[in-house]
Amino acid sequence: MAHPDLNLLVTLDVLLTEGSVARAAKRLRLSPSAMSRALARLRETTGDPLLVRAGRGLVPTPRALELRDRVGRLVQDAEAVLRPVEMLDLKRLVRTFTL
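Structure below.
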């Protein structure tokens with residue numbers, strides 16, 4: 002894999018949080034079928050089912066549980082990088098100059 006689709010990290014993070022393709026799709030404003038296709042790509046990329054059906058929901062595999070915190074941190078870090086920087090407030094800036 003030369004260039005992984007980093008959008009899949011956000012998808013995986015939301016899927017692991019929601020435990021449901023439908024809820025994850027709604028949260029990311031995608032159709033359930035688009036979310037299912039993204040889950041299929043995640044499964045192919047990782048070589049693990051990641052989430053398996055249990056009753057009416059999805060249960061994370063041991064590999065998914067292993068990735069959960071790490072993926073969450075990666076997504077948070079990426080969001081922090083893309084957040085606008087705070088503007089410098091010159092009225093609150095305190096500096097001491099010595100001549």
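In our numbering, each residue carries its 1-based index in the sequence shown increased by 1. For each residue, glycine too, the CB sits at the ideal point set by N, CA and C. Since the structure is predicted, the reported quantities are computational estimates derived from the model, not experimental observations.
- In chain order, V15, L16, E19 and M36 place their CB closer than 7 Å to the CB of A25, counting only its own chain and leaving out the 5 sequence neighbours on each side.
- DSSP lists no bridge partner for V22.
- Look at P33 here: in three-state DSSP terms it is helix.
- In this structure L68 does not touch V60 by the C-beta definition: roughly 14 Å separates them, more than the 8 Å allowed.
- Between R44 and the set R64, G73 and D70, the nearest pair of CA atoms involves R64.
- DSSP, reduced to helix, strand and coil, places L89 outside both helices and strands of the structure shown, so it counts as coil.
- For G58, the CB contacts under 8 Å within the same chain, skipping 5 residues up- and downstream, are G20 and S21 in chain order.
- Judged by their CB atoms, T46 and L29 are not nearer to each other than the 9 Å cut-off.
- The C-alpha of V82 lies about 11 Å from the C-alpha of L75.
- Spanning the alpha carbons of R93 and E87 requires a straight line of approximately 13 Å.
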